[in-house]
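Undergrad: Protein chains in written order, with our numbering: chain L, 1 to 590; chain S, 1 to 370. Structure incoming, see below.
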Amino acid sequence: MTTLVLLSVAGMFLARSQDKYRNYDELVFWERPDVVEWASVRGFNASWGSVDSRYARHGVPALKKSRDLLLEGWRGEKVFAQAVVWTKEAAPDVRFELSDLAGKGCVLRASDCEAGFVRYTKTEKLPVITDGCYHGYMNEAPWQYDSTMVADCIDPFMAADDMPAMSARGIWLSIPIPANDYVGDYKGLLRISAGEKELAVLRLTVRSGRRVLPPPAEWHYHLDLWQNVFSIARDYGVKPFSDDFYTVVRPYLQRLASAGQKAITAPILHAPWGENPGSAGNFLSLITWVKRLDGSWEFDYTVFDRYIRFAMDCGITGQISCYTLAPWSYSYRYFDVASASFKNIILRPENKDCEQVLSLFIKDFAAHLRRNGWFGKAAIAFDERPLEDMKNIIRIIHDAEPEFKISQAGFEYMPEIDASVYDYSLASYKDFPEGRTDARRSEGKKSTYYICCPEIRPNRYVFSEPWESAYIAYNMAVRGADGFLCWAVFHWMGNPLLDARWSNYWSGELFMLYPGNRSSVRFERLVDGIQDYEKMRIFRQTATPEQIRRLDAALDPFRATLKVKDRYNIENRSYVPVSIAEVKKILLEK
Amino acid sequence: MKRLINILLIFACAMPLGGQNRTQNGALTGQKKYPLLNYFELACPAPAVVSEWKDVKGVRISWGCVDSSYAKTSVPVSKVVKALRLDAWRGETVMAQALVWSKKAAPDITFSLDCPFPAETGFVRYNPDPDVIDTFPQSLDLQPMTCQPLWFAIEIPRDAAPGTYKGKVTVRSGATVAGVLTLTVLVDSRVLPDPSQWKNVPDIIPNPWSVARYYHIAEWKTEYTEAWSPEHFENMRPLMERLSSAGMRKIYIPESDLGMKTTDAYRPMVVWLDRLDGTSAEYSDVRDAWIAFLRSCGFDGDIVILNGVKNLLGQVLQYNSWPAEVLLDGRASSAHPDDAFLVYPGNRPSVRWMLLLRGLQQQQKLAESK
Numbered sequence: 001m002t003t004l005v006l007l008s009v010a011g012m013f014l015a016r017s018q019d020k021y022r023n024y025d026e027l028v029f030w031e032r033p034d035v036v037e038w039a040s041v042r043g044f045n046a047s048w049g050s051v052d053s054r055y056a057r058h059g060v061p062a063l064k065k066s067r068d069l070l071l072e073g074w075r076g077e078k079v080f081a082q083a084v085v086w087t088k089e090a091a092p093d094v095r096f097e098l099s100d101l102a103g104k105g106c107v108l109r110a111s112d113c114e115a116g117f118v119r120y121t122k123t124e125k126l127p128v129i130t131d132g133c134y135h136g137y138m139n140e141a142p143w144q145y146d147s148t149m150v151a152d153c154i155d156p157f158m159a160a161d162d163m164p165a166m167s168a169r170g171i172w173l174s175i176p177i178p179a180n181d182y183v184g185d186y187k188g189l190l191r192i193s194a195g196e197k198e199l200a201v202l203r204l205t206v207r208s209g210r211r212v213l214p215p216p217a218e219w220h221y222h223l224d225l226w227q228n229v230f231s232i233a234r235d236y237g238v239k240p241f242s243d244d245f246y247t248v249v250r251p252y253l254q255r256l257a258s259a260g261q262k263a264i265t266a267p268i269l270h271a272p273w274g275e276n277p278g279s280a281g282n283f284l285s286l287i288t289w290v291k292r293l294d295g296s297w298e299f300d301y302t303v304f305d306r307y308i309r310f311a312m313d314c315g316i317t318g319q320i321s322c323y324t325l326a327p328w329s330y331s332y333r334y335f336d337v338a339s340a341s342f343k344n345i346i347l348r349p350e351n352k353d354c355e356q357v358l359s360l361f362i363k364d365f366a367a368h369l370r371r372n373g374w375f376g377k378a379a380i381a382f383d384e385r386p387l388e389d390m391k392n393i394i395r396i397i398h399d400a401e402p403e404f405k406i407s408q409a410g411f412e413y414m415p416e417i418d419a420s421v422y423d424y425s426l427a428s429y430k431d432f433p434e435g436r437t438d439a440r441r442s443e444g445k446k447s448t449y450y451i452c453c454p455e456i457r458p459n460r461y462v463f464s465e466p467w468e469s470a471y472i473a474y475n476m477a478v479r480g481a482d483g484f485l486c487w488a489v490f491h492w493m494g495n496p497l498l499d500a501r502w503s504n505y506w507s508g509e510l511f512m513l514y515p516g517n518r519s520s521v522r523f524e525r526l527v528d529g530i531q532d533y534e535k536m537r538i539f540r541q542t543a544t545p546e547q548i549r550r551l552d553a554a555l556d557p558f559r560a561t562l563k564v565k566d567r568y569n570i571e572n573r574s575y576v577p578v579s580i581a582e583v584k585k586i587l588l589e590k
Numbered sequence: 001m002k003r004l005i006n007i008l009l010i011f012a013c014a015m016p017l018g019g020q021n022r023t024q025n026g027a028l029t030g031q032k033k034y035p036l037l038n039y040f041e042l043a044c045p046a047p048a049v050v051s052e053w054k055d056v057k058g059v060r061i062s063w064g065c066v067d068s069s070y071a072k073t074s075v076p077v078s079k080v081v082k083a084l085r086l087d088a089w090r091g092e093t094v095m096a097q098a099l100v101w102s103k104k105a106a107p108d109i110t111f112s113l114d115c116p117f118p119a120e121t122g123f124v125r126y127n128p129d130p131d132v133i134d135t136f137p138q139s140l141d142l143q144p145m146t147c148q149p150l151w152f153a154i155e156i157p158r159d160a161a162p163g164t165y166k167g168k169v170t171v172r173s174g175a176t177v178a179g180v181l182t183l184t185v186l187v188d189s190r191v192l193p194d195p196s197q198w199k200n201v202p203d204i205i206p207n208p209w210s211v212a213r214y215y216h217i218a219e220w221k222t223e224y225t226e227a228w229s230p231e232h233f234e235n236m237r238p239l240m241e242r243l244s245s246a247g248m249r250k251i252y253i254p255e256s257d258l259g260m261k262t263t264d265a266y267r268p269m270v271v272w273l274d275r276l277d278g279t280s281a282e283y284s285d286v287r288d289a290w291i292a293f294l295r296s297c298g299f300d301g302d303i304v305i306l307n308g309v310k311n312l313l314g315q316v317l318q319y320n321s322w323p324a325e326v327l328l329d330g331r332a333s334s335a336h337p338d339d340a341f342l343v344y345p346g347n348r349p350s351v352r353w354m355l356l357l358r359g360l361q362q363q364q365k366l367a368e369s370k
């Protein structure tokens, strides 16, 4: 145990001396290969693998060896593949190169694809747990649980792998099929070499279909992954809202936009989730609340305006989720002109003084948003607030500005406020009442589910199966939800590239993207599922009744598990990859 | 028995109320912090010389001299003066200092001025020099072998009829009259110019932050007085009206601490909000409110931006940069050596202020006479 701790610590010191944004070493692997398992393996091997697998560093990949792969998809769709290399003897300097894929008269450029070695981060082995959220108690040391190294991070910067004897590693490809007029095959090669010596060549065919998937900005899926840009700032050592900050944050927001992210997480007061000294980054307010000498309130939107314009420029244009108006401490920080200092005022929603100040803010904010043409996209957003608070705050908001949208994420369905909430996200282990999501959709509202920790599987933990991320969108589809919400996508604590564990959070609870804007197997499969959601929606518009029947039949297993007791901890979900494959096949029909 | 009770009351009142409060020079105050209405002087550093007081019988009174400073535990004068004559122009404020002293304790000393003109009067109190003209107490107890000066500032109206006016000062100890002093004021026909016309008025810089601090813990309020609140302006008004009535009309806007180490630092009145993105927003609320307030106190002169004190010509004085416990100890500490003031909390004038005023008036009279 001590050795493990020391190794981890040593590993972290090692990493710190490197530039993790380009080049880092994984923690030293302690798991040893099974010589017996490797007995029948000879030399260096390469094959196409499966996007449903995480290939262990010292395991022999369980697959049917194949040098040829056909990926089919709609034009405009991103398709995914994982190759895997494994070697009996040590194989230093193993590299790969994806060629351009040639179609008839057009090219699918390798530079438009994302390709990277899949890298290993430390995680818990998923134990048998009954309460998903806490490892028993808060702040329990992560190394109380058995751990392992798991393949999750896709690193486009890792040029070569010095593979020890009896080791393996995956190579992930995310390939966007061009949305041009060409319907046909693109052919290319994945070359694997060691230095100058070619070790293996895998052949890849990407087939574009008749149907076209529109660009992410036009997707209906209401994806809301809360962005903690302050965590990025802290990690990169830049000051929030400086020019450097915008430079480093941009690629992350662009990546979210390409996954269909709809909402900008916009903090409109200081520390909407409270001050957490141990946190990755407290949310700073985009809006400064100012109290003038004569007691009047004023609101400074300078930083807000620049940040919203920036986020929209990155491609996130659907919604501005403004956190919040009932902070967990009811404490509002403002600049007091009389004392030239920041002060706090406690405003409880049931009190008159809260109503007075908040109405002023709501009117002023609405006017400001209207001047920018943003009012229709803006929503005052709340996270798990008690019903009485929600009732009071919504009343205050709508008395001041009846058309201001409300966004709410909660683990209790509150019928009392349902009608007032435009964007309602319910914990996925609860349900909207029968037919509610359809009724809300017909009113132009959004109804989604969110996953955090009570659900053990499926989830998007580092140790979850890759298809569990794709499953999310299928789950939303069969439940009639408009999308999916998650409270953290790059909330980094420690160095997740090396060790995904932190405090009482299961590995991967806090992030799906890694420093250096590296994606993950989980994130790519999340996008995979979202695309299927969109494709299903579009397919239904022009499909024959027979096709629709077959599609619904393929989705039946997903519906069936909704009725299972303890549906958030079902061990046997072997149907999922099979059903997903079936659905994808149907969606390829013309 | 009554006398015993009185003595006990005197001692009881002298009992420490304020725990461990200290002045800026380290002495225990024995009372609450920043007293505003009633307060106790600290013990006199120089004890009385008993032999000096041997022949003093009863409660003695006399006119003193405005230019003299009378030690607390000394017999102030050997020759008693019962009558005083003051010459005044119309519109002038003339001054007089009376003295009360006794070998034995004399409780409940009161005085009344019988005079046809309005006057500001008070007990001259020690901190440790006789400088505080305390206009608040109705009465003070005279400790054994101490001297209690009284100050009178008589304001002759500009439209008073020239002539001779008689007045008197009656001093009582309890119900007993200790003595009566007579006063004759000869009012000249000449009129002192209006303060707005005064020449050679020195620059005197007020310190609004001292008031906010000192009045923070006021005897009659339980809430804090926030800087720049209506209460703050209300508290400052009498002090500022006194200043403008002595001919000071300029409005000073500090942009820094003026390079001075005062207990209550001067600060920029323009406030900057530093935004997260590195830009700033300027708020001139405080400066605008200060200007409007001073205009309403009679400051109709130029607005002067102050950065350091060196950009002012001539003598620079501070009006009310108060050491921490200024009523109890008027001396600056080594930590804040630049503390200086002419007026006290509660708008109590200082003896120095009165002498300054007298000097200013003299200058105007001389200028008129040329």
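The beta carbon of each residue, even a glycine, is placed where N, CA and C say it ideally should be.
Assuming residue 530 of chain L contacts residue 486 of chain L (C-beta within less than 8 Å), just tell me the rounded distance between them.
TA: Not a contact, Cβ separation roughly 12 Å.
Undergrad: With DSSP collapsed to three states, give me the class of residue 282 of chain S.
TA: Residue 282 of chain S: strand per DSSP, three-state reduction.
Undergrad: Give a yes or no on whether the minimum CB-CB distance between residue 286 of chain S and chain L is below 8 Å.
TA: Yes, contact with chain L.
Undergrad: Using beta-carbon positions only, say whether residue 484 of chain L and residue 470 of chain L come within less than 8 Å of one another.
TA: Not a contact, by the Cβ cut-off of 8 Å.
Undergrad: Suppose you measure from the CA of residue 54 of chain S to the CA of residue 254 of chain S; what does that come to, to the nearest Å?
TA: Between residue 54 of chain S and residue 254 of chain S, the C-alpha separation is close to 55 Å.
Undergrad: Counting contacts by CB-CB distance shorter than 8 Å, is residue 79 of chain S in contact with chain L?
TA: Output row for residue 79 of chain S: interface = no.
Undergrad: Give me the chain S residues within the contact set of residue 290 of chain L, using Cβ-Cβ distance strictly less than 7 Å, ordered along the chain.
TA: Residues of chain S passing the Cβ test: 273.
Undergrad: Can you list, in chain order, the stretches of the alpha helix (DSSP H) that have 4 or more residues and sit fully within the region 312-387 of chain L?
TA: List check, alpha helix (DSSP H) in window: 352-372.
Undergrad: For a cutoff of 8 Å on Cβ pairs, would you count residue 276 of chain S as touching chain L?
TA: With 8 Å as the cut-off, residue 276 of chain S counts as an interface residue toward chain L.
Undergrad: Work out the CA separation of residue 52 of chain L and residue 113 of chain L for me, nearest whole Å.
TA: Rounded to the nearest angstrom, the two C-alpha atoms are 20 Å apart.
Undergrad: Please report how far the alpha carbon of residue 249 of chain S lies from the alpha carbon of residue 189 of chain S, in whole angstroms.
TA: Cα-Cα distance, rounded: 27 Å.
Undergrad: What separation, rounded to the nearest whole angstrom, lies between the Cα atoms of residue 120 of chain S and residue 153 of chain S?
TA: One C-alpha to the other measures close to 5 Å.
Undergrad: Rank S:345, S:352, S:81 and S:145 by C-alpha distance to the C-alpha of residue 67 of chain S and give the top, closest one.
TA: That would be S:352, whose Cα lies nearest to the Cα of residue 67 of chain S.
Undergrad: Going by alpha carbons, who is nearest to residue 302 of chain S out of S:251, S:296, S:346 and S:265?
TA: Closest by alpha carbon: S:251.
Undergrad: If we count the other Cβ atoms within 10 Å of its Cβ and call it buried at 16 or more, is residue 36 of chain L buried or exposed?
TA: Exposed is the call here.
Undergrad: Looking only at C-alpha atoms, which of L:100, L:500 and L:149 sits nearest to residue 109 of chain L?
TA: Closest option to residue 109 of chain L, Cα to Cα, is L:100.
Undergrad: Bridge partners of residue 222 of chain L, per DSSP?
TA: In DSSP, residue 222 of chain L forms a bridge with L:483.
Undergrad: Pull up the distance between the alpha-carbon of residue 580 of chain L and that of residue 528 of chain L, whole angstroms please.
TA: Each residue's alpha carbon lies about 10 Å from the other.
Undergrad: What does residue 284 of chain L reach in chain S if we use C-beta pairs closer than 8 Å?
TA: By Cβ distance, chain S contributes 276.
Undergrad: Helix, strand or coil: which one does DSSP assign to residue 293 of chain S?
TA: Three-state result, residue 293 of chain S: helix.
Undergrad: Straight-line CA distance for residue 454 of chain L to residue 429 of chain L?
TA: Taking the straight line joining both Cα atoms gives about 8 Å.
Undergrad: Report yes if the C-beta distance between residue 40 of chain S and residue 30 of chain S is below 8 Å; otherwise report no.
TA: For residue 40 of chain S and residue 30 of chain S, yes; Cβs fall inside 8 Å.
Undergrad: Could you compute how far the alpha carbon of residue 131 of chain S sits from the alpha carbon of residue 125 of chain S?
TA: Their backbone Cα atoms lie some 6 Å apart in a straight line.
Undergrad: Which value, in whole angstroms, describes the spacing of the CA atoms of residue 599 of chain L and residue 435 of chain L?
TA: Here chain L comprises residues numbered 1 to 590, so residue 599 of chain L is not present and cannot be evaluated.
Undergrad: Provide the residue(s) that pair with residue 320 of chain S in DSSP beta bridges, ordered along the chain.
TA: S:341, per the DSSP bridge assignment.
Undergrad: According to a CB-to-CB cut-off of less than 7 Å, which residues of the region 237-251 of chain L neighbour chain S?
TA: Against chain S - using a Cβ distance shorter than 7 Å - the residues of the region 237-251 of chain L are 240, 241 and 242.
Undergrad: Applying the 10 Å Cβ sphere with the 16-neighbour rule, what's the burial state of residue 501 of chain L?
TA: Buried is the call here.
Undergrad: Can you tell me whether residue 112 of chain L is helix, strand or coil according to DSSP?
TA: Residue 112 of chain L falls in the helix class under three-state DSSP.
Undergrad: Quick check: does the Cβ of residue 262 of chain L come within less than 7 Å of any heavy atom belonging to the ligand SAM?
TA: The ligand SAM is not part of the structure shown, which contains no ligands of any sort.
Undergrad: When the Cα atoms are used, what is the spatial distance from residue 448 of chain L to residue 427 of chain L?
TA: Straight-line Cα distance between these residues: approximately 9 Å.
Undergrad: By a C-beta neighbour count over all protein chains shown, 10 Å radius and 16 as the cutoff for buried, is residue 495 of chain L buried or exposed?
TA: Residue 495 of chain L should be labelled buried.
Undergrad: What residue ranges within the region 159-228 of chain S form continuous alpha helix (DSSP H) runs of no fewer than 4 residues, ordered along the chain?
TA: Whole alpha helix (DSSP H) segments, 4+ residues: 208-214.
Undergrad: Just list the residues that DSSP pairs residue 188 of chain L with in beta bridges.
TA: BP columns for residue 188 of chain L point to L:204.
Undergrad: If you compare alpha carbons, which of S:281, S:277, S:304 and S:290 is closest to residue 306 of chain L?
TA: That would be S:277, whose Cα lies nearest to the Cα of residue 306 of chain L.
Undergrad: Whole angstroms is fine: what's the gap from residue 378 of chain L's alpha carbon to residue 477 of chain L's?
TA: Straight-line Cα distance between these residues: approximately 25 Å.
Undergrad: Can you tell which of L:58, L:534 and L:557 has its C-alpha closest to the C-alpha of residue 28 of chain L?
TA: Here the closest residue by C-alpha is L:58.
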